[in-house]
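Asker: Take this structure, written in structure tokens, and hold onto it; I'll ask about it next.
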């Protein structure tokens with residue numbers, strides 16, 4: 005009588021979208037899957053992303069969608085070609101979650117919340133056989149190649165046939181993405197690009213007067229421009245928010261990669277604002293020069309150009325008293341107001357992170373070349389993208405790709421002997 009066939013066991017470390025997506029693929033293939041996460045529950049950053057409206061993906065055509073990933077679009081292309089916006093929508097519909105396309109082209113669940121989707125997803129995964137182990141902080145490997153975890157009950161190890169790491173980047177450490185894995189993998193010879201803030205705010209260093217008066221105020225309907233390290237001019241229209249020390253918000257996030265890299269290269273970056281994007285420079289100059297009589301300059305700018313609040317405050321902040329008495333300089337600044345950015349906000353405050361395991365350290369199926377049988381997915385890989393559904397879509401796509409890589413790698417290996425024990429506890433160090 006033939007010996008019973010060994011069912012491969014795979015460990016996934018990280019319970020975010022990439023890890024959960026990988027689990028789905030592996031379970032569908034009939035593997036035994038254990039998912040480990042350091043937090044008390046999985047999907048915490050996913051839930052945070054859903055506060056105020058869960059942006060799942062974007063509806064734009066594939067070519068411009070792919071271009072959002074910048075320098076890493078080539079590496080991500082085959083994975084996104086297999087799973088992109090329409091596929092993510094179909095997947096959500098399969099969980100009973102209806103979606104719609106907003107006016108910006110972004111795709112949202114009908115309820116605009118992440119929690120119902122995550123509950124349905126986890127219920128389906130558990131019913132399919134996924135075993136989830138929370139409060140298991142990954143510590144690396146022991147001398148025999150078993151995974152090591154710190155748990156409330158002490159140190160534990162787990163021996164598996166393959167490992168898929170989906171540990172996230174370095175932003176929002178309190179939700180589990182603390183980047184602690186960098187040292188562990190680097191010590192094993194894995195090439196890692198330094199983690200850096202992405203989709204982040206920037207410090208400027210306002211005067212106390214400006215900060216006290218305008219911190220928290222949004223600037224709407226402006227165009228922001230900057231020059232990247234290659235000398236290309238990038239422009240976006242939208243809105244952002246004045247902070248106590250600088251700027252943040254969707255418009256700033258859209259340009260944050262170039263601004264961050266410019267600061268790294270030159271010590272500072274310039275963000276140029278057009279405060280009246282629907283008006284020509286000639287029209288603005290004529291309105292600013294129009295006689296204002298006894299009115300204050302601020303009242304004049306509001307009456308003639310519709311500028312008020314933080315927009316006028318920024319003019320005073322940048323030009324100073326002398327500059328504000330020069331109508332030509334005021335008019336020029338309204339159409340091209342330069343803000344000097346000193347530094348990006350800390351990594352832990354960023355929406356996402358750049359850097360991570362380089363694609364050069366991986367094979368085409370996302371296996372770590374230096375660690376056979378270990379695969380990586382999600383935000384811990386060296387790519388970045390703007391907000392708008394692109395981050396989440398690539399996490400799904402790379403999670404699926406890494407899971408398929410696991411399946412191919414296991415299929416190419418000789419059948420392993422059934423283990424007597426796959427998990428054990430070890431004494432505390």
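Residue numbers (the working numbering): 5 to 433.
Just so you know, even glycine gets a beta-carbon here, dropped at the ideal spot from N, CA and C.
Computed from a prediction, not measured in an experiment: that's the story for all the values here.
(1) Helix, strand or coil for residue 427 per DSSP?
(2) List the whole-angstrom C-beta distance separating residue 400 from residue 21, where the pair is believed to meet the contact cut-off of C-beta under 8 Å.
(3) Kindly list the residues whose CB is nearer than 8 Å to the CB of residue 377, restricted to its own chain and excluding five residues on each side of it in sequence; keep chain order.
(4) Let me know the secondary structure DSSP gives residue 422 once reduced to three states.
(5) For residue 271, which three-state DSSP category applies?
(6) For residue 94, which option in 107, 81, 113 and 79 has the closest C-alpha, if you only look at C-alpha atoms?
(7) Please report the distance separating the alpha-carbon of residue 154 from that of residue 18.
(8) Within the region 197-261, note down every full alpha helix (DSSP H) run reaching 4 residues or more, in order along the chain.
(9) Alpha carbon to alpha carbon, how far is residue 333 from residue 83? Give it in angstroms, no decimals.
(10) Cα separation between residue 70 and residue 254?
(11) Where does residue 303 fall in DSSP's three states?
(12) Could you pull the DSSP bridge partners for residue 15 from this structure?
(13) Helix, strand or coil for residue 136, going by three-state DSSP, please let me know.
(14) Would you mind giving the Cβ-Cβ distance between residue 2 and residue 199, rounded to the nearest angstrom? I have them listed as a contact below 8 Å.
(15) Is the beta carbon of residue 321 closer than 8 Å to that of residue 358?
(16) Would you say the beta carbon of residue 88 comes nearer than 7 Å to a heavy atom of the ligand HEM?
(17) With residue 360 as the anchor, note down where its alpha helix (DSSP H) starts and where it stops.
(18) Can you list the alpha helix (DSSP H) stretches of 4 or more residues lying completely in the region 83-147, in chain order?
(19) Extract the residue ranges of the beta strand (DSSP E) inside the region 309-333, only unbroken runs of 3 or more that lie entirely within it.
(20) Looking only at C-alpha atoms, which of 360, 145 and 306 sits nearest to residue 338?
(21) Please report the residue range of the alpha helix (DSSP H) in which residue 408 lies.
(22) Are residue 346 and residue 205 touching if we call contact CB-CB under 8 Å?
(23) Quick one: residues in its chain with C-beta nearer than 6 Å to the C-beta of residue 12, no 5 flanking neighbours on either side, listed in chain order?
Answerer: Quick look at the numbers:
(1) Here the model assigns residue 427 a pLDDT of 48, short of 50, so the residue's position is not dependable and the matter cannot be decided.
(2) 6 Å
(3) 165, 166, 167, 371 and 413
(4) The pLDDT assigned to residue 422 is 43, lower than 50, so where the model puts this residue is not dependable, and the model offers no usable value.
(5) coil
(6) 113
(7) 14 Å
(8) 212-218
(9) 50 Å
(10) 19 Å
(11) helix
(12) 38 and 167
(13) strand
(14) Not covered by the structure: residue 2. The range shown for the chain is 5 to 433.
(15) no
(16) The ligand HEM is not part of the structure shown, which contains no ligands of any sort.
(17) First-last for residue 360: 356-361, but that is the beta strand (DSSP E), not the alpha helix (DSSP H).
(18) 89-98 and 119-132
(19) none
(20) 306
(21) 394-416
(22) no
(23) 35, 165 and 414
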